[in-house]
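Residues in the sequence shown are numbered from 15 upward in steps of one, following the numbering used here.
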Amino acid sequence: MHQADYDMIVVGGGPGGYTAALYGARAGLSVLVLEMLSAGGQMATTENVDNYPGFPDGADGFELGEKMQQGAHRFGAITKYEEVKGLTLNSQPKRVQTSKGEYTAHTIVLSTGANPRRLNIPGEDSLVGRGVAYCATCDGMYYRGKTVAVLGGGNSAAEEALYLSKICPKVYLIHRRDALRAEKSSEQALRQTENIEFVWNAAVEDFVLGTDQSLQGLVLKDTKDGHTWQLACEGAFVAIGRVPNTTLVTDKLELNAQGYIVADETTRTSVPGVFAVGDVRTKAVRQIVTAAADGAVAAHFAQEYLKTATQQ
């Protein structure tokens, strides 16, 4: 095996990335984490994480990210705040080009995440946390007892609506077509839930704000005849898909039709020595706890790869 700067480079400092760094460094590997912004990734933007084990009163996402980073650093992992510009994955060692230079490693762990697809309506960003949300299991508890709307027609939207129906008295499921894309079993469950109401052939045109600048309703437009009306609600959960951050590997790794890196529960990708963890890989549940689990698995199989490579 040719000499490299590190045994493992982790691209992205979210929960999956820092768990991989922790497990790798604890096993004696030299580990570099490359993060563009701050520890925690998307988790760092969540004020209160209620569903991560070990925090009975919840945890601040930013602080939790920092603690994960500190845990990895304790065993020798290093973090550099640099933007990754390019990857060479089929070489040995593998190469990572950043905004400040180039690094080499025998294994790469990709933890670049995925972002919720936005409505791209003016004012949307300022309403995040004040009525607009993108994850019911993450933020639904803040809307307990309130009227909410779920925007979308796929399986994710169906799951969001069913989850919210247990804690909210009224849930509107708004879809721009007259039929869902969700599985029939999910649609049947929705129709059997009394406090869920379908709003067909409707798209969000604008937000209605209260005196405190929080969400009080939506301006909807009929996708067939174009007329508009207002729907009163205090929360709008956008479930129109996610956009995986795979720009760096579009022509280097196998991706599925939605753009996610194809990697099973071993986190191995189509290129030996390259692993994908967290929201960026194909998986059923995208949560902090499952990303962390991926990180531990990736570190394990990275060690297996290194053992095999050194014997060749």
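Heads up, the beta-carbon is just placed ideally off N, CA and C, and yes, glycines get one too.
All values derive from a computational prediction rather than experimental measurement.
Environment of residue i [buried if 16+ CB atoms lie within 10 Å]
| i | result |
| --- | --- |
| G137 | exposed |
| T33 | buried |
| H16 | exposed |
| Q202 | exposed |
| P107 | buried |
| N259 | buried |
| E248 | buried |
| K297 | buried |
| R88 | exposed |
| H189 | buried |
| M155 | exposed |
| Q244 | exposed |
| T126 | buried |
| A91 | buried |
| S105 | exposed |
| S170 | buried |
| G224 | exposed |
| S200 | buried |
| Y265 | In the sequence on display, residue 265 carries Asp and not Tyr. Result: exposed. |
| G240 | exposed |
| D71 | exposed |
| E174 | buried |
| G143 | exposed |
| T60 | buried |
| D226 | exposed |
Residue i and residue j closer than 8 Å at C-beta
| i | j | result |
| --- | --- | --- |
| M57 | G28 | yes |
| T304 | R295 | no |
| L165 | V218 | yes |
| A35 | Q317 | no |
| Y117 | V110 | yes |
| T121 | L320 | yes |
| G30 | D308 | yes |
| S228 | G115 | no |
| A277 | A290 | yes |
| M22 | A53 | no |
| L48 | T112 | yes |
| R131 | R256 | yes |
| V311 | E268 | no |
| R205 | I181 | no |
| G330 | G68 | The chain is shown from 15 up to 326; residue 330 falls before or after that span and cannot be answered. |
| A246 | T161 | yes |
| A172 | A196 | yes |
| V63 | I302 | yes |
| A128 | D236 | no |
Contact belief for residue i with residue j at Cβ below 8 Å, rounded distance in angstroms
| i | j | result |
| --- | --- | --- |
| N215 | K238 | 5 Å |
| T151 | L176 | That pair is no contact at about 11 Å. |
| V20 | S44 | The sequence shown places Tyr at residue 20, not Val. Right, the Cβ-Cβ distance comes to about 5 Å (below 8 Å), so this counts as a contact. |
| K94 | L141 | That belief does not hold up - the Cβ atoms of K94 and L141 are roughly 34 Å apart, past 8 Å. |
| L234 | F212 | Actually they are not in contact, since the Cβ atoms of L234 and F212 sit about 13 Å apart, beyond 8 Å. |
| D153 | A147 | 4 Å |
| A313 | G100 | A313 to G100, Cβ: 24 Å. No contact. |
| A119 | A18 | 5 Å |
* To do: Could you name each continuous beta strand (DSSP E) segment of 3 residues or more that falls completely within the region 132-218, going from the start of the chain to the end?
  => 161-165, 184-188, 210-213
* Inside the region 26-89 only - alpha helix (DSSP H) runs reaching at least 4 residues -> 29-40, 75-88
* Is the region 166-183 touching the region 72-83 in the sense that three or more CB pairs, one from each, lie closer than 8 Å? -> no
* Sufficient close CB pairs (3 or more, under 8 Å) joining the region 248-257 to the region 284-292 -> no
* **alpha helix (DSSP H) runs contained entirely in the region 275-326, provided each spans 4 or more residues** => 302-325
* **Unbroken stretches of the beta strand (DSSP E), 3 residues or longer, contained in the region 207-272** => 210-213, 216-223, 229-236, 242-246, 249-252, 256-258
* Asked: What are the start and end residues of each continuous beta strand (DSSP E) run of 3 or more residues lying completely inside the region 90-116, in chain order?
  -> 92-94, 98-102, 108-112
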